[in-house]
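So the sequences go chain by chain: P and F.
Mapping the first sequence onto this note's numbering, position 2 (from 1) lands on 201, and the numbers just tick up by one.
Mapping the second sequence onto this note's numbering, position 248 (from 1) lands on 264, and the numbers just tick up by one.
Step one of this worksheet: look at the structure below.
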Amino acid sequence: MNQVALITGGGNGIGRSVAHRMAAGGMAVIVADYDHAAAEKVGGEVKSAGGKAEALAIDVTVAREIKAVVTDVTKRYGRIDVLANIAGGSFYTKRIEEFTWAEWKEVVDVNLKGTFLMCREVAPIMRKQKSGRILNTASNYGVTGSALRTPYAASKAGIIAFTKTLAQELAPDGILVNTVAPGPTDTPRVMGKESPEARRQRWSDIPLGRTGKPEDIAEAFYFLTTPESAWITGQTFHVNGGLVTP
Amino acid sequence: MRLPGKVAVVTGGAQGIGRAIALGLGREGAKVVVADLQLDKAKSVADELSALGTEGLAVEVNVANESAVKRLAGQTFSRFGRVDILVNDAGIYLKALVVDITEENWDRTININLGGNFLCSRAFIPSMREQKSGRIISIASGIAHYGAKEFAPYAASKAAIIGFVKSLAREVGPDGITVNAICPGAANTAMPRTHRSEEELMQRLRSNPLGHVLEPEDFVGPVVFLASDAASYITGQSINVNCGSYMI
Numbered sequence: 200m201n202q203v204a205l206i207t208g209g210g211n212g213i214g215r216s217v218a219h220r221m222a223a224g225g226m227a228v229i230v231a232d233y234d235h236a237a238a239e240k241v242g243g244e245v246k247s248a249g250g251k252a253e254a255l256a257i258d259v260t261v262a263r264e265i266k267a268v269v270t271d272v273t274k275r276y277g278r279i280d281v282l283a284n285i286a287g288g289s290f291y292t293k294r295i296e297e298f299t300w301a302e303w304k305e306v307v308d309v310n311l312k313g314t315f316l317m318c319r320e321v322a323p324i325m326r327k328q329k330s331g332r333i334l335n336t337a338s339n340y341g342v343t344g345s346a347l348r349t350p351y352a353a354s355k356a357g358i359i360a361f362t363k364t365l366a367q368e369l370a371p372d373g374i375l376v377n378t379v380a381p382g383p384t385d386t387p388r389v390m391g392k393e394s395p396e397a398r399r400q401r402w403s404d405i406p407l408g409r410t411g412k413p414e415d416i417a418e419a420f421y422f423l424t425t426p427e428s429a430w431i432t433g434q435t436f437h438v439n440g441g442l443v444t445p
Numbered sequence: 017m018r019l020p021g022k023v024a025v026v027t028g029g030a031q032g033i034g035r036a037i038a039l040g041l042g043r044e045g046a047k048v049v050v051a052d053l054q055l056d057k058a059k060s061v062a063d064e065l066s067a068l069g070t071e072g073l074a075v076e077v078n079v080a081n082e083s084a085v086k087r088l089a090g091q092t093f094s095r096f097g098r099v100d101i102l103v104n105d106a107g108i109y110l111k112a113l114v115v116d117i118t119e120e121n122w123d124r125t126i127n128i129n130l131g132g133n134f135l136c137s138r139a140f141i142p143s144m145r146e147q148k149s150g151r152i153i154s155i156a157s158g159i160a161h162y163g164a165k166e167f168a169p170y171a172a173s174k175a176a177i178i179g180f181v182k183s184l185a186r187e188v189g190p191d192g193i194t195v196n197a198i199c200p201g202a203a204n205t206a207m208p209r210t211h212r213s214e215e216e217l218m219q220r221l222r223s224n225p226l227g228h229v230l231e232p233e234d235f236v237g238p239v240v241f242l243a244s245d246a247a248s249y250i251t252g253q254s255i256n257v258n259c260g261s262y263m264i
């Protein structure tokens, strides 16, 4: 029987690559995204590559939607082995005095609250199974900070501490909780905002000489679901070409 | 197999975590140079590698001796012609309070644990640079982060390894070489047995959030991951494999 992986933000960018990687590793993937059409597209790609997938719409900031999705998935699959919380983003770059309360909450909610709500709903299922892997997504900015991204950096730092705490809570039940912290990654969302040349110049100090590909990040997510990482919990995996080495 | 045809050098490969790593890399298809002070034990690991269907070469080396490290590199290149993976595992673990430790034991610890990383990395980097690829994986320790009473030189040497790894990663990244550390939690090896009773040791090894006693084999997967193509964009990092006993 396939392991079951629930992937939020699975419709685009890093989430899409994670869905492909988990499916290639033999998991049935549930691609959940705010953008249902994008989730459907990725689900279709996975299936045409020979994998098992389905697509769902989800807003990770809405507790009742999450409850409905997790209840439905658990009823149909009987289990959730992997939860990858990838939905998120920085959305704005502006000075703190220009951030409205609504914008601040929008960023913190999709990143940090979404991670909390998803974990809260899935953790009891994994506790019953006495197994499970939870993978949260931070950012190098969660460690270094980033001017003009106060809510994003705060929420990503929050995810790192949340992950450690949840790892301690769930360790007695055999559930591992880790964070992947990508550096600059070539996702459609960021690639649309600047020219390849401007991007190369901005990141010319990355020791490995290039920005990350979503596939690079997906490999770290996948490793953290395998038996080889069975004794790693509460940790942060920085995948950034050596840009940030905390 | 994830490392077919690759050539690996594992220092401290004759026993404990180093031996498990040497055999683990061998199971993934790598040919492995088992470099250790204890040649007899290194030879038996090399034999085990042959039994796995790959090749092993035992080399006697003191990693704190520059000419010995040069000989290690020479023997490696003459047998296998290249090096893809260097695992710096050789180290010593001497117990003493800071006020009591002799200068000689301080120097030995720093020279072997830290200096060995420096000499071995330096010996293999030029060839990795030429082939525009390579993996250096240093075995540090959780003690680098949380310290350990009566093991200040060990803690200092392991923390220094992490600083070394971060700097070297920045130096050799443009050449396609990644440099990372693994920080094992306390594990069931001969090393801590020199200083603790069996009962005390097992109690200590079990006292982590996952309640698991770490065995040398438990570090193999993370090393293979770092050595494989899957980790080609990870460099300058420390991977903590410690059952959640320390989260940083």
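Backbone N, C-alpha and C fix where the C-beta goes; we use that ideal spot for every residue, glycine too.
Since the model is a prediction, treat every value here as computed from it, not as a measurement.
Contact with chain P by residue i, beta-carbon distance below 8 Å
i, result
"Asn256/F", "yes"
"Leu230/F", "yes"
"Arg186/F", "yes"
"Pro238/F", "yes"
"Asp105/F", "no"
"Asp116/F", "no"
Contact set between residue i and chain P, taken where Cβ atoms lie within less than 7 Å
i, result
"Arg220/F", "Those do not exist, as Arg220/F stays about 16 Å from chain P at its closest Cβ, beyond 7 Å."
"Pro190/F", "Pro406, Gly408"
"Lys182/F", "Thr444"
Beta-carbon proximity list for residue i, same chain, < 7 Å, skipping 5 on both sides
i, result
"Lys293/P", "Leu347"
"Val236/F", "Ala36, Ile37, Gly40"
"Val272/P", "Leu205, Ile229, Ile279"
"Lys59/F", "Ala74"
"Ile8/F", "Nothing can be reported for residue 8/F, as the shown portion of chain F is limited to 17 through 264."
Exposure of residue i, with buried meaning 16 or more beta-carbon neighbours within 10 Å
i, result
"Met325/P", "buried"
"Val79/F", "buried"
"Trp300/P", "exposed"
"Gln202/P", "buried"
"Val443/P", "buried"
"Met218/F", "exposed"
"Thr220/F", "Reading off the sequence shown, one finds Arg at residue 220/F, where the question assumed Thr. With fewer than 16 other Cβ atoms within 10 Å, it is exposed."
"Glu396/P", "exposed"
"Lys329/P", "exposed"
"Ile295/P", "exposed"
"Met144/F", "buried"
"His211/F", "exposed"
"Lys363/P", "buried"
"Pro323/P", "exposed"
"Asp232/P", "buried"
"Gly400/P", "Note on residue identity: the sequence assigns Gln, not Gly, to residue 400/P. Exposed, by the Cβ-count rule."
Chain-ordered chain P contacts of residue i [CB-CB under 8 Å]
i, result
"Ile177/F", "Result: empty, since nearest Cβ-Cβ is about 13 Å, beyond 8 Å."
"Asp234/F", "Ala429, Trp430"
Contact list for residue i against chain F, beta-carbon separation under 8 Å
i, result
"Ala366/P", "Pro225, Gly260, Met263"
"Gln328/P", "Here the premise fails: no neighbours, minimum Cβ distance about 16 Å."
"Val438/P", "Tyr249, Ile250"
"Gln202/P", "Those do not exist, as Gln202/P stays about 17 Å from chain F at its closest Cβ, beyond 8 Å."
Cβ neighbours of residue i in the same chain (closer than 6 Å, five flanking residues each side left out)
i, result
"Glu71/F", "Lys47"
"Asp385/P", "Thr410, Lys412"
"Ala24/F", "Leu41, Ala46, Val48, Ile101"
"Val306/P", "Phe290, Pro350, Tyr351"
Spatial neighbours of residue i in its chain, beta-carbon cut-off 8 Å, leaving aside the 5 residues before and after
i, result
"Val321/P", "Leu205, Val269, Ile279, Leu282, Gly331, Ile333"
"Lys148/F", "Asp191, Gly192"
Residue i at chain F interface by Cβ criterion, 8 Å
i, result
"Lys363/P", "yes"
"Ser428/P", "yes"
"Asp415/P", "yes"
"Ile213/P", "no"
"Val272/P", "no"
"Gly411/P", "yes"
"Gly331/P", "no"
"Gln434/P", "yes"
"Gly441/P", "yes"
Within chain F, the residues that residue i reaches when beta carbons sit closer than 7 Å
i, result
"Phe422/P", "Phe241, Ala246"
Residue i: contacting residues in chain F (beta-carbon distance under 9 Å)
i, result
"Ala222/P", "Going along chain F, no residue has its Cβ under 9 Å from Ala222/P, so there is no contact; the nearest lies around 16 Å."
"Glu418/P", "Phe241, Ser244, Asp245, Ala246, Ala247, Ser248, Tyr249, Ile250"
Name, going along the chain, the residues of the region 240–254 of chain F whose beta-carbon falls closer than 9 Å to a beta-carbon of chain P. Val240, Phe241, Ser244, Asp245, Ala246, Ala247, Ser248, Tyr249, Ile250, Thr251, Gly252, Gln253, Ser254
By the 7 Å beta-carbon criterion, what residues does the region 21–38 of chain F contribute toward chain P? none
Members of the region 341–363 of chain P that neighbour chain C once the beta carbon cut-off is set at 7 Å: Here the protein chains are P and F, and chain C is not one of them.
For the region 251–266 of chain P, which residues have a CB atom closer than 9 Å to at least one CB atom of chain F, in sequence order? none
Taking any Cβ of chain F, which residues in the region 223–246 of chain P have a Cβ under 7 Å from it, in chain order? none
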